[in-house]
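Encoded as structure tokens, the structure appears first; notes follow it.
There are 2 protein chains.
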Amino acid sequence: MEVNKVTIHDIARALDINSSTVSRALSDSPRVAKKTKDRILKKAQEMGYQRNLLASNLRKNITNTIGVVLPRISRHFFSSVIQGIEEAAYQEGYNVMICQSLEQYEREKNIIETLAANRVDGVIVSISMETVDYNHFECLKSRGVPLVFFDRHCDIPGYNNVLIDDFQAGFDATQHLIEKGCKKIIHFSGPQELEIYKNRFEGYKAALIKNDLPFRSDYVIKTRLNEVDGIANTKKLLNDKLEFDAIFSANDVAAIGAIKCLNEEGIRIPDDISIVGFSNEPISTVINPTLTTINQPGVEMGQRATELLLKNIQNKKAPLKPETIILDSSLIDRESTGKSH
Amino acid sequence: MEVNKVTIHDIARALDINSSTVSRALSDSPRVAKKTKDRILKKAQEMGYQRNLLASNLRKNITNTIGVVLPRISRHFFSSVIQGIEEAAYQEGYNVMICQSLEQYEREKNIIETLAANRVDGVIVSISMETVDYNHFECLKSRGVPLVFFDRHCDIPGYNNVLIDDFQAGFDATQHLIEKGCKKIIHFSGPQELEIYKNRFEGYKAALIKNDLPFRSDYVIKTRLNEVDGIANTKKLLNDKLEFDAIFSANDVAAIGAIKCLNEEGIRIPDDISIVGFSNEPISTVINPTLTTINQPGVEMGQRATELLLKNIQNKKAPLKPETIILDSSLIDRESTGKSH
DNA sequence: AATTAAAATACAATCGATTGCATTTTAATA
DNA sequence: TATTAAAATGCAATCGATTGTATTTTAATT
Chain A
1 MEVNKVTIHD
11 IARALDINSS
21 TVSRALSDSP
31 RVAKKTKDRI
41 LKKAQEMGYQ
51 RNLLASNLRK
61 NITNTIGVVL
71 PRISRHFFSS
81 VIQGIEEAAY
91 QEGYNVMICQ
101 SLEQYEREKN
111 IIETLAANRV
121 DGVIVSISME
131 TVDYNHFECL
141 KSRGVPLVFF
151 DRHCDIPGYN
161 NVLIDDFQAG
171 FDATQHLIEK
181 GCKKIIHFSG
191 PQELEIYKNR
201 FEGYKAALIK
211 NDLPFRSDYV
221 IKTRLNEVDG
231 IANTKKLLND
241 KLEFDAIFSA
251 NDVAAIGAIK
261 CLNEEGIRIP
271 DDISIVGFSN
281 EPISTVINPT
291 LTTINQPGVE
301 MGQRATELLL
311 KNIQNKKAPL
321 KPETIILDSS
331 LIDRESTGKS
341 H
Chain B
1 MEVNKVTIHD
11 IARALDINSS
21 TVSRALSDSP
31 RVAKKTKDRI
41 LKKAQEMGYQ
51 RNLLASNLRK
61 NITNTIGVVL
71 PRISRHFFSS
81 VIQGIEEAAY
91 QEGYNVMICQ
101 SLEQYEREKN
111 IIETLAANRV
121 DGVIVSISME
131 TVDYNHFECL
141 KSRGVPLVFF
151 DRHCDIPGYN
161 NVLIDDFQAG
171 FDATQHLIEK
181 GCKKIIHFSG
191 PQELEIYKNR
201 FEGYKAALIK
211 NDLPFRSDYV
221 IKTRLNEVDG
231 IANTKKLLND
241 KLEFDAIFSA
251 NDVAAIGAIK
261 CLNEEGIRIP
271 DDISIVGFSN
281 EPISTVINPT
291 LTTINQPGVE
301 MGQRATELLL
311 KNIQNKKAPL
321 KPETIILDSS
331 LIDRESTGKS
341 H
């Protein structure tokens, strides 16, 4: 099998012209006569020419590619963010490289370095649960590669962010439970190194205090918020005979775990225990009972993050001031918090 | 803000040696003395050197990257395939570029061309529902870029495939319904241009025939198998007063739609109507009733596809014969086909 | 100390496309 | 037809790393 390796030089030779003219013709430069352009395009087609973007990007020092790093693509929230990113990026002629950290710091670090080495023009990130420092972003910063965080951002200033108000959302979720008559509200939280979990937790606390309910630290359970964590936490609560009438989980997955466990144990939701999740995963509309949760505008988040990133990419000479965009989130009231107690 | 742009030449100049030695030192070549290597590595670190993979890849004519093109990453089946691909690829030092066609032919075509232009070493594909020809893979074939299809493959010979036996799976699903006493089985099918849907359909047909049940073409409904399709199809069946006691859907999503619709209408599952889906999406364990479905070994499929691809990449000089690997699938019996009628 | 093989380093071409500047060709004007 | 500006094309350096070959240095041997 012979392998096709046609370059602009081959085309140039075939037409007995200079390769610079071929290059210009192929990028539709006005500096090439229409007639020549046609000849070149025709010959390129005929010879099966395929532009080598490695060479082009190397020379131009631009890849028209943005990197996306997030915990896992299978989470609906993240895949809807990706949708938003791709929409906004393709519209502007950018390609998107999607990478998942799988919640591992080491992987995240590797990915960032690979993206940097591949000279992406900018990067959009939602950090992993293991990430506690931000040194691995240095390789981007030092090369002036724009960076935008979404959702799982970092707390140090100097970065661009697209977020929701997690404090408010945590507050709303808890307030909702309180209004339904719940008084002993468990909170499933995530790693406190992540701002989002800290803020959701603070919102929870604030709502308790505002309603003159006691805050008890043994009501707060910090895990990685997997489904198995949700199940195990709930089981432990029941075994420990800790009295509670509600759970506010900082994500849907752990909330689903709780529901499965409670269903298993024959405990009625929401009659005995009410539950609120976070993120509005599709599964929350299907589980029995359906899950009250906080909706995050994933697609919009992706779009806004991309717009912000592209703005920074395009103003690279005169770096912009870091920006933080806060989007609206809202509580979706479903069966898991159905009736007042 | 000054931008870091250190090259091997800068390092070479700083140490008053030749850049070729720097290059060799950085890739740990035995041709450089240990002492020199140490000096170079130290200086590289100190100057914040970051290898430019564009240049490296251009020169080496290898990117150590494989492209993955599939309909959508949010489907659990596909994201588990990705997991398998990444595991197998990273193990061998390859990077993975994930791209979603969103079931659109045009996007698929663009993606393939971009991957080709970016000189990926190989590509793994599951085609979109709109794909009816394979000319857009020519740009890979002509350059000798290895290609492996999984799940949604193409019927023309000369390609590598990793599949399940869709005919058998379709047969099993239908046979299962028949054994549960169902006699009037609707089949939700997808575009017949895709082998998988054709084969699942043929399996369905074969099971009917084997059991002396009549095949009726008005029992077969061909759509894109979205959830809304599932709902609309089911509603139409009910409106048309077509008698049926089971549905075999060629994917879970449409089956979920059917369940939602039937639940809505107060029709009991599985008492009145039994349902079998396809792919074992996580949601199928959560819906009420839980959904009987065909499990596809996603992770393994990804691994095997990657192994096959890498084998082809590594034997590029002496092209291998196209290979088709068939993996086992199995029916998972859940509530939606619970009792015999 | 001379010889020689081996080890270390340097030189220079190369990957394929882009682009500023120089040169040639074309067409318009006097 | 000569002049000149504009249009088209050509030349050659460049992006940053790699690599085959040549040269120099080192160390081992006699």
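Sequence order for the protein chains is A and B. Here the UniProt record's numbering is used: the first residue of the first sequence is 1, the next is one more, and so on. Here the UniProt record's numbering is used: the first residue of the second sequence is 1, the next is one more, and so on. In this text, a Cβ means the ideal position worked out from N, Cα and C, and glycines have one as well. Computed from a prediction, not measured in an experiment: that's the story for all the values here.
So residue i contacts chain B; which residues on that side make the cut at Cβ distance below 7 Å?
{"i": "residue 139(A)", "result": "50"}
Going by DSSP, what residue range makes up the alpha helix (DSSP H) through residue i?
{"i": "residue 9(A)", "result": "8–15"}
{"i": "residue 317(B)", "result": "Where residue 317(B) is concerned, there is no enclosing alpha helix (DSSP H), given that its DSSP letter is neither H nor E."}
{"i": "residue 62(A)", "result": "Segment: none, residue 62(A) is in no alpha helix (DSSP H) and carries neither H nor E."}
{"i": "residue 19(B)", "result": "19–26"}
{"i": "residue 198(A)", "result": "195–210"}
{"i": "residue 47(A)", "result": "34–47"}
{"i": "residue 327(B)", "result": "Looking at the DSSP string, residue 327(B) is not in any alpha helix (DSSP H); the run it does join, the beta strand (DSSP E), is 324–327."}
{"i": "residue 235(B)", "result": "227–239"}
{"i": "residue 253(B)", "result": "252–264"}
{"i": "residue 84(B)", "result": "76–91"}
{"i": "residue 140(B)", "result": "138–141"}
Residue i versus chain A: which residues are under 7 Å apart at the beta carbon?
{"i": "residue 79(B)", "result": "73, 74"}
{"i": "residue 142(B)", "result": "4, 48"}
{"i": "residue 267(B)", "result": "Per Cβ cutoff of 7 Å: no residues; residue 267(B) is ~17 Å from chain A at best."}
{"i": "residue 287(B)", "result": "286"}
List the whole-angstrom C-beta distance separating residue i from residue j, where the pair is believed to meet the contact cut-off of C-beta under 8 Å.
{"i": "residue 100(B)", "j": "residue 70(B)", "result": "6 Å"}
{"i": "residue 287(B)", "j": "residue 247(B)", "result": "Residue 287(B) to residue 247(B), Cβ: 14 Å. No contact."}
{"i": "residue 105(A)", "j": "residue 128(A)", "result": "6 Å"}
{"i": "residue 40(B)", "j": "residue 58(B)", "result": "About 22 Å; that fails the 8 Å criterion."}
{"i": "residue 257(A)", "j": "residue 231(A)", "result": "4 Å"}
{"i": "residue 207(A)", "j": "residue 178(A)", "result": "6 Å"}
{"i": "residue 43(B)", "j": "residue 11(B)", "result": "5 Å"}
{"i": "residue 51(B)", "j": "residue 117(A)", "result": "6 Å"}
{"i": "residue 166(B)", "j": "residue 196(B)", "result": "5 Å"}
{"i": "residue 112(A)", "j": "residue 137(A)", "result": "6 Å"}
List, in order along the chain, the chain B residues whose C-beta lies closer than 9 Å to that of residue i?
{"i": "residue 22(A)", "result": "None at all; the shortest Cβ gap to chain B is about 16 Å."}
{"i": "residue 117(A)", "result": "50, 51, 52, 53, 54, 56"}
Relative to the C-alpha of residue i, which candidate in the options has its C-alpha closest?
{"i": "residue 306(B)", "options": "281(B), 24(B), 161(B), 248(B)", "result": "161(B)"}
{"i": "residue 201(B)", "options": "170(B), 286(B), 141(B)", "result": "170(B)"}
{"i": "residue 73(A)", "options": "8(A), 103(A), 242(A)", "result": "103(A)"}
{"i": "residue 89(A)", "options": "106(A), 52(A), 63(A)", "result": "63(A)"}
{"i": "residue 125(A)", "options": "95(A), 119(A), 85(A)", "result": "85(A)"}
{"i": "residue 5(B)", "options": "3(A), 4(A), 61(A)", "result": "61(A)"}
{"i": "residue 3(B)", "options": "108(A), 140(A), 10(A)", "result": "140(A)"}
{"i": "residue 214(A)", "options": "183(A), 190(A), 193(A), 242(A)", "result": "183(A)"}
{"i": "residue 49(A)", "options": "26(A), 65(A), 121(A), 18(A)", "result": "26(A)"}
{"i": "residue 332(B)", "options": "293(B), 211(B), 28(B), 258(B)", "result": "293(B)"}
{"i": "residue 303(B)", "options": "239(B), 79(B), 51(B)", "result": "79(B)"}
{"i": "residue 188(B)", "options": "233(B), 156(B), 284(B)", "result": "233(B)"}
{"i": "residue 272(A)", "options": "281(A), 289(A), 311(A), 313(A)", "result": "289(A)"}
{"i": "residue 349(B)", "options": "92(B), 255(B), 318(B), 210(B)", "result": "The structure shown does not extend to residue 349(B), since chain B spans only 1 to 341, so no value can be given for it."}
{"i": "residue 65(B)", "options": "199(A), 114(A), 56(A), 176(A)", "result": "114(A)"}
{"i": "residue 301(A)", "options": "36(A), 55(A), 87(A), 172(A)", "result": "87(A)"}
{"i": "residue 315(B)", "options": "334(B), 145(B), 76(B)", "result": "145(B)"}
{"i": "residue 291(A)", "options": "274(A), 123(A), 326(A), 8(A)", "result": "274(A)"}
Hey, does residue i have any beta-carbon neighbour from chain B nearer than 8 Å?
{"i": "residue 216(A)", "result": "no"}
{"i": "residue 97(A)", "result": "yes"}
{"i": "residue 120(A)", "result": "no"}
{"i": "residue 220(A)", "result": "no"}
{"i": "residue 114(A)", "result": "yes"}
{"i": "residue 7(A)", "result": "no"}
{"i": "residue 109(A)", "result": "no"}
{"i": "residue 1(A)", "result": "Because residue 1(A) carries a pLDDT of 48, less than 50, the predicted location of this residue cannot be relied on, and the following value inherits that uncertainty. Yes - at least one Cβ of chain B is within 8 Å of the one on residue 1(A)."}
Please compile the residues from chain B whose C-beta is within a distance smaller than 8 Å of the C-beta of residue i.
{"i": "residue 282(A)", "result": "283"}
{"i": "residue 343(A)", "result": "The first residue shown for chain A is 1 and the last is 341, placing residue 343(A) beyond what the model contains."}
Would residue i count as contacting chain A if we go by Cβ distances under 8 Å?
{"i": "residue 292(B)", "result": "no"}
{"i": "residue 228(B)", "result": "no"}
Mind checking whether the beta-carbon of residue i lies closer than 7 Å to any heavy atom of the ligand NAD?
{"i": "residue 12(A)", "result": "Of the ligands one can find in the structure shown there are none, so the ligand NAD has no counterpart to examine."}
Tell me which residue opens and which closes the beta strand (DSSP E) that residue i is part of.
{"i": "residue 188(B)", "result": "185–189"}
{"i": "residue 163(B)", "result": "160–164"}
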